[in-house]
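> I'd like to ask you about the structure that follows.
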Amino acid sequence: MYCTQCGKLNLDKAVYCAACGALLDKDETITSSSNLNRPLSQGLPKFINNSGQGSMALLPPELSGWNWGAFFLTWIWGIGNNTWIALLSLIPLVNIVMIFILGAKGNEWAWQNKRWDSVDHFKHVQKLWGIWGAVIFFASIIFALMIIVLAVIVGSNRDTYNY
Numbered sequence: 630m631y632c633t634q635c636g637k638l639n640l641d642k643a644v645y646c647a648a649c650g651a652l653l654d655k656d657e658t659i660t661s662s663s664n665l666n667r668p669l670s671q672g673l674p675k676f677i678n679n680s681g682q683g684s685m686a687l688l689p690p691e692l693s694g695w696n697w698g699a700f701f702l703t704w705i706w707g708i709g710n711n712t713w714i715a716l717l718s719l720i721p722l723v724n725i726v727m728i729f730i731l732g733a734k735g736n737e738w739a740w741q742n743k744r745w746d747s748v749d750h751f752k753h754v755q756k757l758w759g760i761w762g763a764v765i766f767f768a769s770i771i772f773a774l775m776i777i778v779l780a781v782i783v784g785s786n787r788d789t790y791n792y
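This note's numbering numbers the first residue of the sequence shown as 630 and each following residue consecutively.
Next comes the structure, spelled out in structure tokens:
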């Protein structure tokens, strides 16, 4: 099936054009090549929100990049974003690699696995995941340091008491 917006050939089962993101109308066919050779001055086709459609959902270019929420919160982020592969981070030693894979691929997987209202909505939610992930990460580091300091203090005072 050919896209009526850009003229690219798509799979027959496709809902959206893989090239331009336009909604494919199965009943409409291209009758002229007017859309195929339109000048760039007419602009690119309007973006279609195709989130939540699995691997067929193309990630908008402005969303590519690192996902700090997926990096810091791994499996928790995965459950919240319907990205079940994040549960692999619960396996010892695999988790060391998975945090980096989730950080790199998190935006793409979240876009493909969950329906979002818009690109701005996606950015806002993922930013919140990143903020909370960083807060929890640094709070746990501070807590661990406090436990270490407390253990050193208690250990150094052990010999001063005679029972």
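Here a beta-carbon is modelled for each residue, glycine too, at the ideal position from N, C-alpha and C.
In chain order, what residues of the same chain have a beta carbon less than 6 Å from the beta carbon of serine 662, not counting five sequence neighbours either side?
Only weak support exists for where serine 662 lies, its pLDDT of 45 falling under 50; the value from the coordinates is given anyway. Close CB contacts of serine 662 within its chain, under the 6 Å cut and outside five residues either way in sequence, are absent.
> Can you confirm whether the segment 689-702 touches the segment 719-739 when touching is taken to mean that 3 or more C-beta pairs between the two stretches lie within less than 8 Å?
yes
> Within 10 angstroms of the Cβ of asparagine 786, are there 16 or more other Cβ atoms? Answer buried if so, exposed if not.
exposed
> Taking just the CA atoms, how far does threonine 703 sit from asparagine 711?
When rounded, the separation of the alpha-carbon atoms in asparagine 711 and threonine 703 is 12 Å.
> Thinking just about the alpha-carbon of each residue, which of Leu722, Trp713, Asn736 is nearest to the one in proline 690?
By alpha-carbon distance to proline 690, the top candidate from Leu722, Trp713, Asn736 is Asn736.
> Does the Cβ of tryptophan 695 have 16 or more other Cβ atoms within 10 Å, making it buried, or fewer, making it exposed?
Tryptophan 695 should be labelled exposed.
> Hey, which unbroken runs of the alpha helix (DSSP H) at 4 residues or more fall wholly within the segment 741-787?
748-785
> Looking at the structure shown, is leucine 638 part of a helix, part of a strand, or coil, going by DSSP?
strand
> According to DSSP, is leucine 722 part of a helix, a strand, or is it coil?
Assigned with DSSP and collapsed to three states, leucine 722 falls in coil, not helix or strand.
> Strictly under 9 Å for the Cβ-Cβ distance: is leucine 688 near chain B by that measure?
Protein chain content of the structure displayed is limited to a single chain, and chain B is not contained in it.
> If you compare alpha carbons, which of Val723, Gln741, Val764, Ile777 is closest to leucine 688?
Gln741
> Taking the C-alpha atoms as reference points, what is the distance between glycine 636 and isoleucine 714?
35 Å
> Within 10 Å of its beta-carbon, does threonine 660 have 16 or more other beta-carbons around it, so buried, or fewer, so exposed?
Bear in mind that the predicted position of threonine 660 carries a pLDDT of just 45, short of 50, making it unreliable; the figure below should be weighed with that in mind. Under this definition threonine 660 is an exposed residue.
> Please confirm whether phenylalanine 807 and serine 680 have their CB atoms less than 9 Å apart.
Outside the displayed span of the chain (630 to 792) sits residue 807, for which this structure offers no information.
> Got a sec? Which residues, its chain only, sit under 8 Å from glycine 683 by beta carbon, not counting five neighbours each side?
Gln741, Asn742
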